[in-house]
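Top line first, the protein sequences correspond to chains A and B.
Counting with UniProt numbering, you get residues 1 to 528 for the letters of the first sequence.
Counting with UniProt numbering, you get residues 1 to 528 for the letters of the second sequence.
Positions of the beta carbon are idealized from the N, C-alpha and C atoms, including for glycine.
Data first, discussion second: the structure below is written as structure tokens.
Protein chains: 2
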Amino acid sequence: MLEKSILLLLLQLSVLGITLGGNVLIWPVDGSHWLNIKIIIDELINKQHNVTVLVSSGAFYIKPISNSYLTYERYKVPFEGEKMLEVIGNFILAWMKNKPTPSTIWRFYQEIGPPIKDFNALNREMCDGVLKNQKLMKKLKKSKFEVLVSDPVFPCGDIIALKLGIPFIYSLKYYPASTVEKHCGKIPYPPSYVPAVLSELTDQMSFTDRIRNFISYHLQDYMFDTLWKSWDAYYSEALGRPTTLCETMGKAEIWLLRTYWDFEFPRPYLPNFEFVGGLHCKPAKPLPKEIEEFVQSSGEHGIVVFSLGSMVKNLTEEKANLIASGLAQIPQKVLWRYQGKKPATLAANTRIYDWIPQNDLLGHPKTKAFITHGGTNGIYEGIYHGVPMVGVPMFADQHDNIAHMKAKGAAVEVNMHTMTSAELRDALKTVIYEPSYKENAMRLSSIHHDQPVKPLDRAVFWIEFVMRHKGAKHLRPAAHNLTWFQYHSLDVIGFLLACMATVIFLVTKCCLFSCRKFGKTGKKKKRE
Amino acid sequence: MLEKSILLLLLQLSVLGITLGGNVLIWPVDGSHWLNIKIIIDELINKQHNVTVLVSSGAFYIKPISNSYLTYERYKVPFEGEKMLEVIGNFILAWMKNKPTPSTIWRFYQEIGPPIKDFNALNREMCDGVLKNQKLMKKLKKSKFEVLVSDPVFPCGDIIALKLGIPFIYSLKYYPASTVEKHCGKIPYPPSYVPAVLSELTDQMSFTDRIRNFISYHLQDYMFDTLWKSWDAYYSEALGRPTTLCETMGKAEIWLLRTYWDFEFPRPYLPNFEFVGGLHCKPAKPLPKEIEEFVQSSGEHGIVVFSLGSMVKNLTEEKANLIASGLAQIPQKVLWRYQGKKPATLAANTRIYDWIPQNDLLGHPKTKAFITHGGTNGIYEGIYHGVPMVGVPMFADQHDNIAHMKAKGAAVEVNMHTMTSAELRDALKTVIYEPSYKENAMRLSSIHHDQPVKPLDRAVFWIEFVMRHKGAKHLRPAAHNLTWFQYHSLDVIGFLLACMATVIFLVTKCCLFSCRKFGKTGKKKKRE
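Below, the structure is given as structure tokens:
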């Protein structure tokens, strides 16, 4: 009887287009990136797929604990986790010192170049760690994976997939300079209304903004080419034929982008791009007792949630004191995630925690505002729960993210380097007491919640689609078969211009010839 | 108890983002277009919305039968249904005489111009019939509609919506020349790999094809401008401010396009475009007894379904005989929808019907092939049920549709004007006996069925979304605020070129000046 029920269930599932028990291989990126792909992995496991994650011996954040559905395949690399952390530290420092504006982007990439080169070197060692480990590659081949899901910010997942002869899918927020989405993914990015990443521009640009955006695109393309060019030789060697990083990336079946139109400005895209921003968001759970009591003690004023993310452990004493005294000037209770020394100016309304249940706090009805560094995950939790934000961006896409939230009327920005206590206080008062901020945050929240299919379900749907159909070739634009001058129709325009020039030349020649002949006849006639 | 259950249900529905009991206004187009929007109307009624359809007194196909959820609002126009049928007849005749290829598109539009102008004249009388009927407009305003769904192939729905102060949505397959989607909707159409409508090209183009495509785009844009230009003045007058047809169309909240990637070649689009092709398709129902018996009598050979659509009632006697004798040469049984005189050559394997249950026949397991004129609805029923096709296109988008199916390996084309009996027979044998055709048709079918949300549900979701949120402004690209030269960054490029020229000029001048000065000093020195 039970067997019959199981068989019936399996039949129903297959009619509903549900894939059971597939084998998925993951090429992750360590650190906060892991959190995003982990959500997808958990959902794949929920749907009874067997997931194998490739983890290097130098991983510092991913904790390899296998279970019946999840296998961590550990491969050896010649560096330790500390080395990666050191490079990440240098990267953040270089970024914080050199904010990339369109006018400083050149210097910015000069400064950020060395840590990126270090990343590339470690990344290549990771890639070697898998590709040159014949025993591992043999084992992977035997495991009959149906798809590889890769975070492409660290290249290599795509080569592994091609070597195993399986389709691959990307999961990313954006690639530096969007060059990859543009040139390798073939999405058109009109610089007249699509702001370049890291430009902090919005879709409403003045003439000057559009000049800055135009320059920003081209400079970033150039920088990308310079800094990532070295991968072309690696890819060619690994795949045993002349190729480029870009050409290989263009073979991705689906690009799962971790944004959506609640955050992003509307822009063109292609059918093999799926916007799954906020896939990690979920309803708030009840808070731990002590925290709930503190939250409830805020009365009608409510609370402020404050976190600068997992990468910033502590601040200078001066900065911490300045922040604490700003927070002391508001009537709300503040829950501050901070691992540094307790600031002397800390008031009774503020409590410091090593860790806070951020999502549960943001979803609490007493929450009035969120002070955030502007990481995508935090921003999306803010959007999900409709909480207005005070942004204190520091590096990477944080300035851009806050610029988006400002443009959508749901955030105020405070400059980390120059802010005063009063500025922080005023920013908080603005987002808490000017109703438009809450209204806009709620509007974004309602856009986020009102989708035909939830982001995580869409992400998993397309992974399963690729498993069921061995790819998604019907979504791949033919633009991938064209060279850049063919893509822009430059050969056609050149040919048509040449034709026109020839016609004009011939017509002119004929006219001149006729005129001369007619002139001569005329003269002759005159003479006669 | 019952009341409590209903309240609970309503609460659950609202949590699930379901809108109950909204008021929807429809601006339809008569004829086969009505069938498509009718599917959406039926689903809206299913979801308990009140739907009002604006029907002119000159409608020849729409049957106004109101019920509790559906109201037909009839308005007076100074023409009869026969007049519209006559113009449609002229349009089809002109089209069948002048097939639009890139080399003949100029002449084609010259010939098709007069019937299009006649359409425009009738269309304007329909528009006047609503806008200048103050009693009707007052009644519509009182009805508090939340959204207007318009088939934009006959303009005016958008003006009515703007006059009523409500958002509007388009439902269409494509607009002539795609000019509207491109210039008014702001979708990029790279001519290097996106074939122009009516070009019969695919996404795999040779250099010559790309030249033809490039020219086709620009000629069609020009023709559109010429033939639809007169609407600009009408729109300006109706809205009481200088505007254009294109500017007004650009205000659509959502564009529901009746194609999908099973049919379409992958190309860029924007977030306010939703591809809902095949929304009318549904599983096959059992056949009427007589037809089922005839189908079953086909044995292992199976059947062929044959229809040239609702617009072609009869053929010349010669053509009908030629077709019938072609059909006589295959072992399958044929069900032919045909209202003309019974051909003399009709064999026992072929039966003629005034009407056939086309969808139910295509979904029958005995069906081996579908002879179709290539209308979008029929093509989609073929895709839905995975039936390979023999295309006999005649006018409108039919050649294009068949070209798509040919490119995807699911159809063979036969020329209506030049075909012989043997050609029809051979085409049928090819799609029936060469396995690749069935395989490709099944592949398209599986792509069609394997979507996260069914096309009809997505269409209705976005209509309800616009009702819930009073629009979908978060999906509207900022490109709408730019002029064409701003959109293409021509002002920015011009400015940067001017800057470069100035710098080069100044540097050259400085060099020349220094050289001259240095030269003189040199000479002076020499003299000294």
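Query: Starting from the Cα of Arg258(B), find the closest Cα among Tyr487(B), Ala459(B), Pro195(B) and give me that residue.; Result: Ala459(B)
Query: Taking 7 Å as the cut-off, decide whether the C-beta atoms of Gly302(B) and Lys368(B) are in contact.; Result: yes
Query: Assign Leu140(B) to one of three DSSP states: helix, strand, or coil.; Result: helix
Query: Is the Cβ of Ile303(A) closer than 7 Å to any Cβ of chain B?; Result: no
Query: Which residues does DSSP pair with Thr259(B) in a beta bridge?; Result: None, per the DSSP bridge assignment.
Query: Give me the Cα-Cα distance between residue 529(A) and Arg337(A), rounded to the nearest whole angstrom.; Result: As shown, chain A starts at 1 and ends at 528. That puts residue 529(A) outside it, with no answer to give.
Query: Tell me whether the beta-carbon of Val334(A) lies closer than 7 Å to the beta-carbon of Asn349(A).; Result: yes
Query: Cβ atoms of Ala284(A) and Gly363(A): under 7 Å apart, would you say?; Result: yes
Query: Residues of chain A with CB under 7 Å from Asp221(B), in chain order?; Result: Those do not exist, as Asp221(B) stays about 15 Å from chain A at its closest Cβ, beyond 7 Å.
Query: So, helix, strand or coil for Thr508(A), using DSSP?; Result: helix
Query: With 16 as the cutoff for other CB atoms within 10 Å, does Phe518(B) come out buried or exposed?; Result: exposed
Query: Buried or exposed: where does Gly299(A) fall if 16 or more other Cβ atoms within 10 Å of its Cβ makes it buried?; Result: exposed
Query: Going straight from the alpha carbon of Trp106(B) to that of Trp231(B), what length do you get?; Result: 21 Å
Query: Exposed or buried, Met500(A), counting other C-beta atoms within 10 Å across all chains shown (16 or more means buried)?; Result: exposed
Query: What are the uninterrupted segments assigned as beta strand (DSSP E) that are 3 or more residues long and contained completely in the stretch 312 to 338 of chain B, given in chain order?; Result: 333 to 337
Query: Beta-carbon within less than 6 Å of Tyr353(B)'s beta-carbon, same chain only, minus the 5 sequence neighbours each way: which residues are those?; Result: Arg337
Query: DSSP three-state label for Thr104(A), please.; Result: coil
Query: Can you pull out the residues from the stretch 260 to 272 of chain B whose beta carbon lies closer than 8 Å to at least one beta carbon of chain A?; Result: Trp261, Asp262, Phe265, Pro266, Arg267, Pro268, Tyr269, Leu270, Pro271, Asn272
Query: I want to know whether the stretch 471 to 481 of chain A touches the stretch 441 to 458 of chain A - three or more CB-CB distances under 8 Å.; Result: no
Query: Could you work out which residue in Lys509(B), Gly240(B), Cys184(B) is closest to Glu247(B) when comparing CA atoms only?; Result: Cys184(B)
Query: Can you round the beta-carbon distance between Glu125(B) and Val77(B) to whole angstroms, since I take them to be within the 8 Å contact cut?; Result: 5 Å
Query: Using a Cβ-Cβ cut-off of 7 Å, state whether Leu456(B) counts as contacting chain A.; Result: no
Query: Return helix, strand or coil for Asp90(B), following the three-state DSSP convention.; Result: First, the amino acid is wrong: residue 90(B) is Asn here, not Asp. Helix.
Query: Are any of the Cβ atoms in chain B nearer than 7 Å to that of Pro283(A)?; Result: no
Query: What is the rounded straight-line gap between the Cα of Thr208(B) and the Cα of Gly81(B)?; Result: 44 Å
Query: Straight-line CA distance for Val276(A) to Ser171(A)?; Result: 9 Å
Query: Helix or strand or just coil, what does DSSP make of Asn133(B)?; Result: coil
Query: Using a Cβ-Cβ cut-off of less than 8 Å, list which residues of the stretch 184 to 200 of chain A approach chain B; keep chain order.; Result: Ile187, Pro188, Pro190, Pro191, Ser192, Tyr193
Query: Can you list, in chain order, the residues of the stretch 475 to 491 of chain A whose Cβ is nearer than 8 Å to any Cβ on chain B?; Result: Leu475, Arg476, Pro477, Ala478, Ala479, Asn481, Leu482, Gln486, Tyr487, His488, Ser489, Asp491
Query: When the distance is taken between beta carbons, is Val29(A) closer than 7 Å to His49(A)?; Result: no
Query: Taking only beta-carbon atoms, is Val453(A) less than 7 Å away from chain B?; Result: yes
Query: Mind pulling the chain B residues with CB within less than 7 Å of Gln204(A)?; Result: Ala478
Query: With respect to the alpha helix (DSSP H) encompassing Tyr433(B), which residues constitute its N-terminal and C-terminal limits?; Result: 421 to 433
Query: Would you verify that the beta carbon of Ile211(A) is, or is not, closer than 7 Å to some beta carbon of chain B?; Result: yes
Query: For chain B, find out if any of its Cβ atoms is closer than 7 Å to the Cβ of Leu512(A); answer yes or no.; Result: no
Query: Between the beta-carbon of Pro393(B) and the beta-carbon of Ile402(B), is there less than 7 Å?; Result: yes
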